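The next block holds one structure in the form of structure tokens; read it before the comments.
Numbering (our numbering), first residue to last: 2 to 394.
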């Protein structure tokens, strides 16, 4: 106490030491300033979210740049406005973040321009000026996820390729042995001391010839694929009479159907002009038709096989081969053009074949600067259409 000399009165003073309190306030202020500086200028997207309402209370410059809204616009929004997940899921995430069950989440966020981006979110509770917020740090992982998807797809494709190659090699073993067995077996019969009757010998010779042709086709397919991989296939550009070529194929395949005993199949060549000139590779185009016609015969038991010129434009020509065979499921349309592939693995067992024919066809047509497509469904046959330049470009 202090006594006043003039009056004799006593004055009392209560003095509290607030040094530590002021230091604490200064430290808090400094901490919040540091947080504000880190929050505002950090390169990552930062959001402060009210966990009770989901309202976005604050956003940094990176958030404005990423989302495409200004800070003021973001502060008028709720997290539900940018998160594409159902509101209930987002609310559950907020609950989990508040009780520290989880601090990492993956979402898809909507931007101002309508684009959707994949994001990963790291969330923690922050107490600012006595108020609890959820502080979310957000990273755009769209490209990373897309790359991961591509890696997974590439892995699956490689595994599928390995599987197809294994199936191809197993099937190839059968495809090569079958004609070889025919050649060796019937050659042995023809070299016996006692020769069979002439008609029987003729039948044996026919089987040997068919087996040799089948083996030659397999070898040619493998050689063609090898040449294509090495870039050794050269497309010639020579003028020739397409009409004549197609009529020759008609004669050849009419005889082939007769020789195979496929009398229930009719061969139809589309009507065309007397002379259609084409500047391209006659031998390779013939190979395309042969592969497609052989396929049509293989998978057709009765009905009609149609081929020829469908239409001619000023600079291109559309050709086609169709059949009334077993058809191809829609989901297999792309796959049948891949090497070693057939529409169904059971087809290889039932009908044979290397699974290279359509891959070779597509590659030849591509080398001719053309394209090929298929229209088909199970039980309703297939129609292969391909377009190539008239003048070989």
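Note that the Cβ used here is the ideal one computed from N, Cα and C, for glycine as well. Everything numeric in this text was worked out from a predicted model, so none of it was measured.
Residue i and residue j closer than 8 Å at C-beta
i	j	result
residue 111	residue 143	no
residue 92	residue 126	no
residue 75	residue 137	no
residue 287	residue 246	yes
residue 386	residue 311	yes
residue 306	residue 266	yes
residue 229	residue 282	no
residue 326	residue 367	no
residue 328	residue 383	yes
residue 45	residue 140	yes
residue 258	residue 290	no
residue 294	residue 322	yes
residue 424	residue 280	The structure shown does not extend to residue 424, since the chain is modelled only from 2 through 394, so no value can be given for it.
residue 55	residue 80	yes
residue 52	residue 107	no
residue 50	residue 135	yes
residue 105	residue 89	no
residue 226	residue 361	yes
residue 301	residue 324	yes
residue 268	residue 309	no
Which residues DSSP lists as bridging residue i, in chain order
i	result
residue 313	318
residue 109	119
residue 237	Partner(s): none; residue 237 has no beta bridge.
residue 192	Partner(s): none; residue 192 has no beta bridge.
residue 127	134
Boundaries (first-last residue) of the beta strand (DSSP E) holding residue i
i	result
residue 259	Looking at the DSSP string, residue 259 is not in any beta strand (DSSP E); the run it does join, the alpha helix (DSSP H), is 243 to 260.
residue 84	Run containing residue 84: none; DSSP gives neither H nor E here.
residue 49	46 to 50
residue 132	132 to 141
residue 372	372 to 377
residue 330	No beta strand (DSSP E) contains residue 330, which DSSP labels as neither H nor E.
The alpha helix (DSSP H) enclosing residue i, as first and last residue numbers
i	result
residue 213	199 to 230
residue 65	62 to 68
residue 364	358 to 368
residue 72	72 to 75
**Item:** the segment 213 to 220 touching the segment 188 to 201, judged by at least three CB pairs closer than 8 Å
**Value:** no
**Item:** Uninterrupted alpha helix (DSSP H) stretches inside the segment 255 to 304 (no shorter than 4 residues)
**Value:** 283 to 299
**Asked** Taking three-plus beta-carbon pairs below 8 Å as touching, is the segment 113 to 127 in contact with the segment 59 to 77?
**Response** yes
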